[in-house]
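*Asks:* Next up is a structure, given as structure tokens.
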Amino acid sequence: MQQLLNGIFIGSIYALFAIGFTLVFGILDRLNLAHPAVFAASAFVGIELVERGGLSLWAALPLVFVFGGVLGLVIERLAFRPLKNRPDAHFAGLISSIALAGMLIALLQWRYGPDTRRFPPGSFPDTRYDVAGAQVTLVQVVILAISLALMVGLTYMVTRTRLGRGMRAVAENPTAARVLGVNVDRITAATFAISSALGAVAGVLFAINVNTAQLGMGSAIELKGLAVIIVGGMGSLPGALIGGLLLGLAEVFAVQYVGSSWRDVIAFGLLFVILLLRPQGLLGARKVREV
Amino acid sequence: MRAKLSTVAAATAAAFVLASCSSGDGDGGGGGQAASGDLAGEGTGESCTIEGEVPIGAVLSLTGAAASYGESQQRGLELAAAQLAEQGGVTYDLTIEDDQTDPRQGITLFDQFVTDGVSLIIGPTLSNAAVQSDPIAQEAGVPVLGISNTAAGITDIGDYVFRNSLTEQAVIPQTIAKATEEFGLQNVVVMYSNDDAFTESGYEAFAAALEAEGVEVSETLTFSKSDTDFRALLTQAQASDPDALVVSGLIEAAIPLVTQARELGIDVPIIGGNGFNNPRLMADAGEAAEGVVVGAAWNSSSDNPENTAFLADFEAEYGAQPDQFAAQAYAGLMLVDEAVRSGCAADPESLKEALGDIEDVPTVLGEFSIDENRDAVHPAVVQVVQDGAFTVLE
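Chains A and B are the protein sequences, given in the same order. Be aware that the first sequence starts at 1, since it is given in the numbering used here, and climbs by one per residue. Be aware that the second sequence starts at 1001, since it is given in the numbering used here, and climbs by one per residue.
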């Protein structure tokens, strides 16, 4: 039971991270590799807000959400927009976002130094619950609730709102969308902002969950995030959610039933098997190549 | 980061305790005629005077994962260098360089120091860096004094490699014996990070000591040194209802591990390796650190005169209490001074001979000797975290 909960908690953070990742990919067909840097940056900024600003953990979250959004706009403006009309825009964006990620991490190192940072002692409420013999902290419950709320909110936004309709139109065919009067640049910027805001919240929640923020935390989760969105089906939001939870649970149960040394082998092996059986991912649509 | 401490040769003899020449160790060549150039001097022990500056290189991890250790070491070395400068007679040119907790950078720095012709290299901070960089000094015939390397096999690299840090193999059996006696351990869960030379050799020492004490290991769990979420492992550990957790990991892993263990309701003692021996554990893990048991090379509450003086001087200089890394670094440079003065010569060859002959020297670590394997011999101490501080487990 405890292991199940452990898997769900860590999996929900993977999912939140991956959903931001996959949003940009699904709608704009771009892989934003600065996303992990946003994840790390927001964790440090969140700690700073709590430590210096004297905010409570939960008050810092909306601010980090906004911070992430702004960072997303910056990433779009610097790394993607100048290159969007080039014939190799996919790879150009990929590379320039890697460069931007490197610069972000270097800025973090300059600002915060290379050491591990933690929330000041006493930032966390002590409340603990006993759920069917498993220990759950209030913090973990809130993390899960926030992750789920954000994911539900995002799904609602994409399927029901005007902005969401615009996004889907752009995803379908940017040129056609433009012809129909959709402001593609605005939609693109909004997508990056939302994506990064989600990544930022994921970063703070991860830092809260383990009370640790390291410069390398983004690259540690990058591979997992990529695995999650591939397994979920590139660009599929519910797929990223399921993929995230699946990876979290796979890691936890690998520890329990196989052995801790085999954790990554089992977790990634499982993803590999899923891909062999369903190359398009769990919820991905099979693409038909038309000649 | 580059800190250079050039000490001025002062003729006045400062009243520093450590300089007394330990009698009967080594023949030393009388007035130090064995050495050549300006690194040989006149007199022995306290009266030893060497014309030239003795170049000493130190490779520490001042940034990166091990930065908290390196910073302490830097303070210890600089304090010792300042005191030795006051004492006069022998002048040390101590250059401290940062390996960024990266063994490759360590190799580069060792190369550089060897090329620069230093008499001795202190460091590097981590054992896995030492394994890779010490052979460079060995090949070049420059003695190395490790001040925090505790993994097995470091001194097997060659006869120029010494250390003043007690190995985990020396500390851990004492820790386990004491803990078994104190807590009546019968079965424990062992956790260690298996991608680091230091924690791996710590694990082996734990496993051997537990077997020797007849404590059953119900489960052995591994993690990566970069892991921060240990809940799955800890839940697994909890399932076998152990009397204690035995953990070999670095401080970066120790803090979240201990915090999450308490969060999950694991209230048994957590016995840690040398990596846990860091005041940051209490600063960052807070109450969760209570009941952590750590074997250590340095007894901070020891009342030998060297230690009391060191505590007071360190506090006066930095406004903080030293940790073991600072103490070992401080003792390291003092031992180098001892070795230089015993033969009154500071060239690499004489230093190598003199270091090997060190016996029963009073230091902040207690009576200190170097054994035939060039490893440190001195008493260890077993501590437990109580009310936010390390106290001797009794």
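For each residue, glycine too, the CB sits at the ideal point set by N, CA and C. Bear in mind the structure is a predicted one, so any value in this text is a computation, not a measurement.
1. Pick helix, strand or coil for Arg111(A), following the three-state DSSP scheme.
2. Identify whether Thr1391(B) lies in helix, strand or coil by the three-state DSSP scheme.
3. Let me make sure I understand the geometry here. Which of Val228(A), Gly235(A), Met234(A) and Ser236(A) has the alpha-carbon closest to that of Glu251(A)?
4. With DSSP as the reference, label Gly26(A) as helix, strand or coil.
5. From Phe1314(B) to Val1131(B), what distance separates their C-alpha atoms?
6. Please classify Asp1360(B) as buried or exposed, where buried requires at least 16 other C-beta atoms within 10 Å of its C-beta.
7. Looking at the structure shown, is Ala1244(B) part of a helix, part of a strand, or coil, going by DSSP?
8. Verify the CB distance criterion: does Leu1166(B) have a CB-CB separation below 8 angstroms to chain A?
9. In whole angstroms, what separates the C-alpha of Gly244(A) from that of Gly1070(B)?
10. For Asp1102(B), which of Gly1041(B), Leu1079(B) and Ser1127(B) has the nearest alpha-carbon?
11. For Leu1166(B) and Asp1323(B), I'd like the C-alpha separation in whole angstroms.
12. Within 10 Å of its beta-carbon, does Asn85(A) have 16 or more other beta-carbons around it, so buried, or fewer, so exposed?
13. What did DSSP end up calling Tyr156(A) once you bin it into helix, strand or coil?
14. In whole angstroms, what separates the C-alpha of Phe55(A) from that of Ile1096(B)?
15. In terms of DSSP beta bridges, what is Phe1223(B) paired with?
16. Rank Thr1063(B), Leu1264(B) and Ser1133(B) by C-alpha distance to the C-alpha of Gln135(A) and give the top, closest one.
17. Are Val204(A) and Ser42(A) close, meaning C-beta to C-beta below 8 angstroms?
18. Using 8 angstroms as the limit for Cβ to Cβ distance, is Pro1256(B) near chain A?
19. With Ile1271(B) as the anchor, note down where its alpha helix (DSSP H) starts and where it stops.
20. Looking only at its own chain, which residues have a Cβ that is under 6 angstroms from the Cβ of Tyr1203(B), when we skip the five neighbours before and after it?
21. Between which two residues does the alpha helix (DSSP H) holding Arg1163(B) run?
22. Exposed or buried, Glu1211(B), counting other C-beta atoms within 10 Å across all chains shown (16 or more means buried)?
23. For Leu94(A), which of Ile75(A), Ala106(A) and Tyr112(A) has the nearest alpha-carbon?
24. So Ser12(A) contacts chain B; which residues on that side make the cut at Cβ distance below 8 angstroms?
25. Run through the stretch 187-241 of chain A for me and flag every whole beta strand (DSSP E) of 3 or more residues, listed as ranges in chain order.
26. Between Leu1393(B) and chain A, is there a C-beta pair that is closer than 8 angstroms?
27. Do you know whose CA, among Leu198(A), Val24(A) and Arg263(A), lies nearest Asp1227(B)'s CA?
28. Going along the chain, which residues of its own chain have a beta-carbon closer than 8 angstroms to the beta-carbon of Gln140(A), five neighbours each way excluded?
29. Check whether the Cβ of Thr293(A) lies closer than 8 angstroms to any Cβ atom in chain B.
30. Express the C-alpha separation of Tyr1330(B) and Ala207(A) in angstroms, rounding to a whole number.
31. Using a C-beta to C-beta distance shorter than 7 angstroms, which residues of chain A count as neighbours of Ser1201(B)?
32. Taking the alpha-carbon positions, what's the His90(A) to Gly232(A) distance?
33. Glu1290(B) and Gln1386(B) - do their beta-carbons sit closer together than 8 angstroms?
34. If I follow the unbroken beta strand (DSSP E) through Gln135(A), where does it start and stop?
35. Rounded to the nearest angstrom, what separates Gln1174(B) and Gly1273(B) at their Cα positions?
36. Any C-beta of chain A sitting closer than 8 angstroms to the C-beta of Glu1204(B)?
*Replies:* Once the coordinates are examined:
1. helix
2. strand
3. Val228(A)
4. Three-state result, Gly26(A): helix.
5. A direct Cα-to-Cα measurement between Phe1314(B) and Val1131(B) gives close to 31 angstroms.
6. When all chains shown are included, Asp1360(B) counts as exposed.
7. strand
8. no
9. 38 angstroms
10. Ser1127(B)
11. 15 angstroms
12. So Asn85(A) counts as exposed.
13. helix
14. This sequence places Leu at residue 55(A); Phe is not what is there. About 40 angstroms.
15. Ser1193(B)
16. The candidate whose alpha carbon is nearest that of Gln135(A) is Leu1264(B).
17. yes
18. yes
19. Here Ile1271(B) belongs to no alpha helix (DSSP H); instead the beta strand (DSSP E) covers Ile1270 to Gly1272.
20. Tyr1192 and Ser1248
21. Arg1163(B) -> not in any alpha helix (DSSP H); beta strand (DSSP E) instead, spanning Val1161 to Arg1163.
22. exposed
23. Ile75(A)
24. Correct list: empty, because the minimum Cβ distance to chain B is about 12 angstroms.
25. none
26. Under the 8 angstroms criterion on CB atoms, Leu1393(B) is classed as non-interfacial with respect to chain A.
27. Arg263(A)
28. Same-chain partners within the cutoff: Leu5, Phe9 and Asn209.
29. The requested residue 293(A) is not part of the displayed model; chain A covers only 1 to 291.
30. 36 angstroms
31. Near Ser1201(B) there are no residues of chain A at all, since even the closest Cβ is about 17 angstroms away, more than 7 angstroms.
32. 21 angstroms
33. A Cβ-Cβ contact shorter than 8 angstroms links Gln1386(B) with Glu1290(B).
34. Where Gln135(A) is concerned, the enclosing beta strand (DSSP E) stretches over Ala134 to Thr137.
35. 12 angstroms
36. no
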